[in-house]
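Residue numbers for the sequence shown, in this note's numbering: 78 to 402.
We put the beta carbon where it would ideally sit given N, CA and C, even for glycine.
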Amino acid sequence: ESMEAYYQETGRAGRDGIDSTAILLVHPSDKTRLNHQFLSHLPDSSFIKRFFEKLTTTLNIAYGEGAGEEFKVNLKDFCDRYNFHPKKTLECLKILDREGVLELQQAYETQTYVKIVSSASVASQRAENVDDAGRILQFLMRNYQEVFRKEKKINLGQIVDLVGISFEEILKKLEGLKKENIVDFQHYNTDLKLYWKVPREDQYTLNPFLKRIKAHHQQKADKIGFMIDYAFDNSECKRNKILRYFGEKKSDLCKQCSARSCRKEETVDLDLPSEIKILLQRDPLNAYQIGLNIGVSNEFIVIALQEMIEENIIGLNELNQFYLK
C-alpha cells in the first residue's frame, strides 16, 4: 500500500540484530491488482456530488434541514438502487464522516437476501425432496412470489419455526443450494446508521473539502506509484530508493540488494530453476529453506523464484511456501 508500510514490515526482520534478508515477491499482474485494490474505490468530486444528491433524496432531507437527525441506511439496497459500487459508496460516507457532515455508525442487524436462479421446474423438482434444504426451498417459492426475478430479503426466523433447525444450519443449507446452482444468496450482518450534523446545503456543504479530497487521493496514488516503481525497477539501489523516498540522498551503493547496480560480479553454474523444481517435487518450501538446500546466496534464489512465478511454474501458498504448479 505504501513505502511506510513496507519499511515497517521489513524492519521487523532486523530487530534481533542478526543479518537478515527481506524478500519481495511480485507478479506483473500485481500492478493492476494494487491499483484496483487501493485506488479504484476512491471517489472523485463528481461522484461525491452525485452520491450526496442521491443520499439526501433517499433520506428525504430537504434543503436546509437534516441537522441533528438520525437515519438508517441499508447499504446494499442503496447501492442497488443507484448502481453504485459498495466500496466506493462506503468511502464517500467515510469522507462525509471525516469532514464533519455526518457521523457514521454500524448498526448490527442480520439481513439475508435470496434469489432462485434455476428454472421453476428444476427448483420444483428439488423442492420435492424431503430434506431440510428442500423444505426451505418450498418455503421460499410459496412465500416470496418474485424470488425467481430478483433478490428478496427473507425472514430467517420464519424458516427456523418451519424447519426446526438453527440459523447457522439454515445458512449452511442455503449455501448448499447455492452450490447446486438452485439459489443465489447474500447474508449481511451489518447496516449503517447516520447522525446528520449540519443542514443540507449541497455545494456549500461539499465545496469546502472537495479540493482537499482530490489532493488526498493524489497522495495515495503517488504512494502506490512509488511502491510499484520500487518493486519492478531493478536499475536503482533499493536502499537508496527507500532513503530518497524519505528525503535522504546517498551517493554510494549498498551492494547487498537485488538491483543491477548492486549485484556482485559472480555467477552460478547451477540451473537454478531445475534445482528448485526438484526440491519442490518433495514438499513446499519457503525461500530460506530453498537457499539452504541449494547452497546459493539469497540474491540468486530470489531472482530465480521471481522468474518462475512470472512464468507460472510455481505458486505461493498461505504459509509463504513455494509449490510446483
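Legend entry - Beta-carbon contacts of residue 184 that lie in its chain and below 6 Å, excluding the five residues immediately before and after: Reading the sequence shown from its first residue, position 107 is the one you call residue 184. Hits under 6 Å: 268, 270.
Inset, instruction - Going by DSSP, name the residue or residues bridged to residue 181. - result: To locate residue 181, count along the sequence shown from 1; it is residue 104. Under the DSSP definition of a beta bridge, residue 181 partners with 271.
Inset, instruction - Inspect the beta-carbon positions of residue 103 and residue 399 and report whether they are closer than 8 Å. - result: Taking the sequence shown and counting its residues from 1, one reaches residue 103 at position 26. Taking the sequence shown and counting its residues from 1, one reaches residue 399 at position 322. Going by C-beta atoms, residue 103 is not nearer than 8 Å to residue 399.
Inset, instruction - Spatial neighbours of residue 129 within its chain, please: CB distance less than 8 Å, with the 5 preceding and 5 following residues excluded, ordered by chain position. - result: In the sequence shown, the residue the question calls residue 129 occupies position 52. Contacts found: 169, 173, 279, 282, 283.
Inset, instruction - With DSSP as the reference, label residue 221 as helix, strand or coil. - result: Within the sequence shown, residue 221 is the residue found at index 144, counting from 1. Residue state, collapsed to three classes: coil.
Inset, instruction - Could you have a look at residue 148 and say whether DSSP puts it in helix, strand or coil? - result: Here residue 148 refers to the residue found at position 71 of the sequence shown. Residue 148: strand per DSSP, three-state reduction.
Inset, instruction - Note down the Cα distance separating residue 286 from residue 139, rounded to an integer number of angstroms. - result: As a first step, residue 286 is located in the sequence shown; it is residue number 209 there, counting from the start. As a first step, residue 139 is located in the sequence shown; it is residue number 62 there, counting from the start. One C-alpha to the other measures close to 22 Å.
Legend entry - Exposure label - residue 207; buried when at least 16 CB within 10 Å: Within the sequence shown, the letter at position 130 stands for residue 207. Exposed.
Legend entry - Rounded C-alpha distance that separates residue 340 from residue 315: Reading the sequence shown from its first residue, position 263 is the one you call residue 340. Reading the sequence shown from its first residue, position 238 is the one you call residue 315. Going from the Cα of residue 340 to the Cα of residue 315 covers about 11 Å.
Inset, instruction - Check whether the region 330 to 338 touches the region 110 to 122, taking contact to mean three or more Cβ pairs, one atom from each stretch, closer than 8 Å. - result: No, the region 330 to 338 is not in contact with the region 110 to 122.
Legend entry - DSSP three-state assignment for residue 240, whether helix, strand or coil: As a working note, residue 240 is residue 163 in the sequence shown. Of the three classes helix, strand and coil, the one that applies to residue 240 here is helix, per DSSP.
Inset, instruction - My understanding is that residue 225 touches residue 204, with C-beta atoms under 8 Å, so please give their C-beta distance in whole angstroms. - result: Along the sequence shown, read from residue 1 onward, the residue named residue 225 stands at position 148. Along the sequence shown, read from residue 1 onward, the residue named residue 204 stands at position 127. Actually they do not touch by this definition, with Cβ atoms about 13 Å apart.
Legend entry - Buried or exposed by the 16-neighbour rule on C-beta atoms within 10 Å, applied to residue 90: Residue 90 sits at position 13 when you count from the first residue of the sequence shown. It counts as exposed.
Legend entry - Contacting residues, own chain, Cβ-Cβ under 7 Å from residue 232 (five flanking each side not counted): Stepping through the sequence shown from its first residue, residue 232 is reached at position 155. Only residues of its own chain outside the window of five on either side were considered, and among them none has a CB closer than 7 Å to the CB of residue 232.
Inset, instruction - Decide yes or no for the touch test of the region 316 to 327 against the region 356 to 363: beta carbon pairs closer than 8 Å, at least 3 of them. - result: They do not touch, by the three-pair rule.
Legend entry - Segments assigned beta strand (DSSP E), at least 3 residues, entirely inside the region 329 to 382: DSSP runs (the beta strand (DSSP E)) wholly in the region 329 to 382: none.
Inset, instruction - Name the residue from 101, 261, 384, 297 whose alpha carbon lies nearest to the alpha carbon of residue 397. - result: What you label residue 397 is simply residue 320 of the sequence shown in a count that begins at 1. Measuring from the Cα of residue 397, the nearest candidate turns out to be 101.
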